[in-house]
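Under my numbering, residues -2 to 223 are what the sequence shown spells out, in order. Ideal placement from N, C-alpha and C gives every residue a C-beta, glycine not left out. Fair warning: this is a prediction, and the values are worked out from it, not measured in the lab. Here the structure is laid out as structure tokens; the discussion comes afterwards.
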Amino acid sequence: MSTEADLHMMQLSDSMFPTGLFAASGGIETMFLKKKITTSRELREFLGAVITRQLGPCECVMLANVHRCQGRDEIAELDSMCHSMRANKEVREASCRSGGQLARCVAGFVTSDTLDWYCSMIVSKKASGEYPVSFGVCCSAMGIKTERALAMFLYGYLASSVGAALRLGMIDHMEGQEVIHALKPLISETVSESLKKPASEAWQFVPQAEIYQMVHEGTDAKMFIT
């Protein structure tokens, strides 16, 4: 990989990049308040389940297919498919908000006909702007290889989730880094498993996360948007 592509990868994975992931907890806030997750071990187990049973087999598969597809119709179809697989309204809206922001931001400094087209599709509401799809389009436009894109995507989820747990007071900074380090092998394994799968094999099943995300949606006072 070139130095330029490496720098692109660092830029996209930087917490300063304005996608809004810092505002999402993915149900962790509700689970913590209801004392379903209170320790770093329980957090690690929960994040591992989400990676293994949702992000890997569904979102990473979608991302990889978007990254390697040649036609715009296929990108639009994958965007629609990804959107239809989200059961929770709050999570759906957050994903589209982050995806749209990501695409608009990258289009501001990267020249890509496909990215410009995707942005116009989002604006005209012909595409949802799902975050995994937008991530795949942007990484392709920036010359970041599929495998690296998947690793970045999963690490971004992991880092933002650990950050949410830190702000909730569930864990401290040292425990947060231990959780991230412990899940690195799982990220590598998930990337390998998701890399070549067709979109038709995408699936997800994490009922615990989905239930608490739904509970979070109906909560009045909350720190995070999911």
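So the candidates are E175, Y152, G140; which of them puts its Cα closest to the Cα of H64? G140
Would you report the Cα separation of S22 and E87, rounded to the nearest angstrom? 11 Å
Less than 8 Å between the C-beta atoms of L60 and F132, yes or no? yes
Out of C135, G166, S81, state which residue places its alpha-carbon closest to the alpha-carbon of L99. C135
Can you tell which of E74, N62, L75 has the C-alpha that lies nearest to the C-alpha of P195? N62
L4: buried (16+ other C-beta within 10 angstroms of its C-beta) or exposed? exposed
When the Cα of Q174 is compared with those of L75, M220, G160, I184, which residue comes out closest? G160
Can you give the beta carbon distance from A84 to E207, rounded, assuming they're within the 8 Å contact cut? 6 Å
Enclosing alpha helix (DSSP H) for Q98 [first to last residue]: 86 to 104
Validate contact between the segment 103 to 123 and the segment 40 to 53 using beta carbons, cut 8 Å, 3 pairs: no
Could you check whether the segment 90 to 98 touches the segment 160 to 170, counting it as contact only if at least three pairs of C-beta atoms, one from each stretch, sit closer than 8 Å? no
Provide the residue span of the alpha helix (DSSP H) that contains V57, from first to last. Reading off the sequence, residue 57 comes out as Cys, not Val. No alpha helix (DSSP H) holds C57; DSSP gives it neither H nor E.
Inter-residue CB distance, M13 and R145 (contact presumed, cutoff 8 Å): Contact doesn't hold; Cβ gap of about 19 Å is too wide.
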